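If you're matching positions, the sequence shown starts at 6 in my numbering and goes up one per residue. We put the CB at the ideal spot given by N, CA and C, even for glycine. Because the structure is a prediction, the values reported are computed rather than measured.
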Amino acid sequence: MIKTIKRTGQFKKDYKRAIKQGCKEDDFREVLKYLVEQKPLPEKYMDHTLHDTKEYKNVRECHINPDWLLIYRLKKSELILELIRTGSHSELF
Numbered sequence: 006m007i008k009t010i011k012r013t014g015q016f017k018k019d020y021k022r023a024i025k026q027g028c029k030e031d032d033f034r035e036v037l038k039y040l041v042e043q044k045p046l047p048e049k050y051m052d053h054t055l056h057d058t059k060e061y062k063n064v065r066e067c068h069i070n071p072d073w074l075l076i077y078r079l080k081k082s083e084l085i086l087e088l089i090r091t092g093s094h095s096e097l098f
């Protein structure tokens with residue numbers, strides 16, 4: 006089980022914006038529960054590794070909803086979950 010959740014400053018801004026735009030906190034919490042418990046996400050979340058870019062290295066992406074994404078890094082050996090960005094495709098890419 007994950008011991009520490011780190012949120013980047015950008016993630017915090019992104020999350021506030023997503024909630025203001027009508028995204029549901031319960032949907033986010035459901036995904037977070039799987040990640041904290043280190044359980045595989047159900048297929049509907051389309052969890053996958055992102056190819057390394059200048060902005061994102063060693064990260065994963067999942068779909069909380071069809072156009073609400075979460076970019077995160079899981080450091081299993083240190084039991085750390087890092088929440089990097091969240092938002093729509095157009096906001097993140």
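In the structure shown, what three-state DSSP assignment does residue i receive?
| i | result |
| --- | --- |
| TYR61 | coil |
| LEU86 | strand |
| ILE76 | strand |
| HIS94 | helix |
| LYS44 | coil |
| LYS11 | strand |
Classify residue i: buried if its beta carbon has 16 or more other beta carbons within 10 angstroms, exposed otherwise.
| i | result |
| --- | --- |
| ARG34 | exposed |
| THR91 | buried |
| ASP31 | exposed |
| ILE69 | buried |
Here's a check: name, in chain order, each residue in its chain whose Cβ is nearer than 8 Å to the Cβ of residue i, leaving out the five neighbours to either side.
| i | result |
| --- | --- |
| ASP72 | SER93, HIS94 |
| ARG65 | ASP52, HIS53, THR54, LEU55, ILE76, TYR77, ARG78, LEU79 |
| ASN63 | ASP57, ARG78 |
| TYR3 | A question about residue 3 goes unanswered here, because the residues of the chain that appear run from 6 up to 98. |
| LEU1 | Outside the shown range of the chain (6 to 98) lies residue 1, about which nothing can therefore be said. |
| LYS11 | ILE85, LEU86, GLU87, LEU88 |
Leaving out five residues before and five after residue i in sequence, what residues of the same chain have Cβ atoms less than 7 Å from its Cβ?
| i | result |
| --- | --- |
| TYR39 | LEU46 |
| GLU42 | MET6 |
Rounded to whole angstroms, what is the Cα-Cα separation between residue i and residue j?
| i | j | result |
| --- | --- | --- |
| THR13 | GLU48 | 26 Å |
| LEU74 | LYS81 | 21 Å |
| TYR50 | LEU37 | 12 Å |
4 or more residues per run - each alpha helix (DSSP H) lying fully within the stretch 13 to 42: Fully enclosed alpha helix (DSSP H) runs of 4 or longer: 14 to 25, 30 to 41.
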